[in-house]
Amino acid sequence: MSIEAIAAIGAAPFTFQASPVSAPPAGGETFAAVLDGINSLNEQMARNDQAIQAVALGETSDLHQVMMNLEKTRLTFELALQVRNKTLEAYQELMRMQV
Amino acid sequence: MDLFGVFDISSAGMSVEQSRLAVAASNLANARTSTGVDGTPFQPLKAVVQTTSYASVEAGLAAESLPRPVVQSVVPTEAAPRLVYDPGHPDADEKGFVSMPAVDSLSTMMELISVSRGYEANLRAFDVTRHLLQSTIDMGKSR
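As you go down the protein sequences, you meet chains A and B in turn. FYI, in the working numbering the residues of the first sequence are 1 to 99. FYI, in the working numbering the residues of the second sequence are 1001 to 1143.
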């Protein structure tokens, strides 16, 4: 019985090569960039606090501007929260991985 | 971010409507002002709205480069004062007529309705933008 049909498979040397893990390119995004973003979000919140105080003291004439900035900050915060959740989820998934 | 830029456009529109409302309120409040600052009767005002820039394809049509309205100036209208016969009035002329401001309460009421609808329209645009942003962020919510 001839098994020539699959002989070609055995002939090919089976090698398993893991592609080398390349180091992240120098000067790329670091974690500090993420912290920078969080810092600017924090500044935005501090400015909003001042704006709310100004509204409460009757010092501002542009209520819609304040509300709009509040909404902007809320959305930015939710975006940051989602990014944080996703990152943490990925980390925990990795930590649970069977070795 | 582009959708955040839409917020600023709506905000500019709301500022303009706010100014128009203030002008209309001032006209109504001064409907019986027979003596202005320089002795002449109060002239009804109107807000002149202009745009900051014009959209161009070269600018990429990003929300930041789209035109947004701004109140350029508040100018008195040309309407001639209304003469009211009131001989006892200190501002009456020798024939007994007092010059009253030509505030047309009917058209001012129309202006108020238009301001209200305009402000609501800008609020609606803001609401849609907010809703879209919120939905986009909710895309990342886990299950």
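Cβ atoms here follow ideal geometry from the backbone N, Cα and C, with glycine treated the same way.
Test: residue i CB closer than 8 Å to a CB of chain A
i: Phe-1097(B); result: no
i: Leu-1133(B); result: yes
i: Ile-1009(B); result: no
i: Gly-1140(B); result: yes
i: Ser-1015(B); result: yes
i: Phe-1042(B); result: no
i: Arg-1130(B); result: yes
Between the CA atoms of residue j and residue i - distance to the nearest angstrom
i: Val-83(A); j: Met-1139(B); result: 11 Å
i: Lys-72(A); j: Arg-96(A); result: 36 Å
i: Gln-92(A); j: Lys-86(A); result: 10 Å
i: Pro-1090(B); j: Leu-1083(B); result: 14 Å
i: Thr-30(A); j: Ile-52(A); result: 34 Å
i: Leu-1021(B); j: Arg-47(A); result: 28 Å
i: Arg-74(A); j: Pro-1081(B); result: 51 Å
i: Val-1023(B); j: Pro-1101(B); result: 14 Å
i: Glu-37(A); j: Met-45(A); result: It should be noted that the sequence gives Gly, not Glu, for residue 37(A). Going by the C-alpha atoms only, they are around 13 Å apart.
i: Val-1037(B); j: Lys-1095(B); result: 23 Å
i: Thr-1035(B); j: Pro-1041(B); result: 5 Å
i: Met-1110(B); j: Ala-54(A); result: 33 Å
i: Thr-1033(B); j: Leu-1106(B); result: 18 Å
i: Ser-1010(B); j: Phe-1126(B); result: 6 Å
i: Ala-1092(B); j: Leu-1028(B); result: 22 Å
i: Ala-81(A); j: Val-1006(B); result: Just to set this straight, residue 81(A) is Leu in the shown sequence, not Ala. Straight-line Cα distance between these residues: approximately 23 Å.
Three-state secondary structure assigned by DSSP to residue i
i: Phe-1097(B); result: strand
i: Lys-1046(B); result: strand
i: Gln-1072(B); result: strand
i: Val-1084(B); result: strand
i: Thr-73(A); result: helix
i: Thr-1136(B); result: helix
i: Thr-1129(B); result: helix
i: Thr-1051(B); result: strand
i: Phe-31(A); result: helix
i: Phe-1007(B); result: helix
i: Ala-23(A); result: coil
i: Glu-4(A); result: helix
i: Ala-1079(B); result: coil
i: Met-67(A); result: helix
i: Thr-1033(B); result: coil
i: Asp-1091(B); result: coil
Cut-off 6 Å between Cβ atoms - residues of its own chain near residue i, not counting five sequence neighbours on either side
i: Leu-1123(B); result: none
i: Ser-1053(B); result: Pro-1067
i: Leu-1003(B); result: Thr-1129, Leu-1133
Residue i CB to nearest heavy atom of the ligand ADP below 7 Å
i: Pro-1041(B); result: Here there are no bound small molecules, and the ligand ADP is not part of this structure.
Test: residue i CB closer than 8 Å to a CB of chain B
i: Met-95(A); result: no
i: Glu-71(A); result: yes
i: Asp-62(A); result: yes
i: Met-45(A); result: no
i: Gln-65(A); result: yes
Own chain, CB closer than 8 Å to residue i, minus 5 neighbours either side, in chain order
i: Val-1070(B); result: Ala-1012, Ser-1015, Val-1016, Val-1049, Gln-1050, Thr-1051, Thr-1052
i: Asp-1018(B); result: According to the sequence shown, residue 1018(B) is Gln rather than Asp. Here the set comprises Tyr-1119.
i: Thr-1077(B); result: Gln-1043, Pro-1044, Leu-1045, Lys-1046, Ala-1102
i: Leu-1112(B); result: Leu-1021, Ala-1024
Same chain, Cβ closer than 7 Å to residue i, five either side skipped, listed in chain order
i: Thr-1108(B); result: Ala-1024, Asn-1027, Leu-1028
Item to check | Residues within the segment 1017 to 1029 of chain B neighbouring chain A, beta-carbon criterion of under 9 Å | outcome: Gln-1018
Checklist entry - Listed in chain order, which residues of the segment 74 to 87 of chain A have Cβ atoms closer than 7 Å to some Cβ of chain B? => result Leu-75, Glu-78, Leu-79, Gln-82, Asn-85, Lys-86
Checklist entry - Name the residues in the segment 1108 to 1119 of chain B whose C-beta lies less than 9 Å from a C-beta of chain A; which are they? => result Tyr-1119
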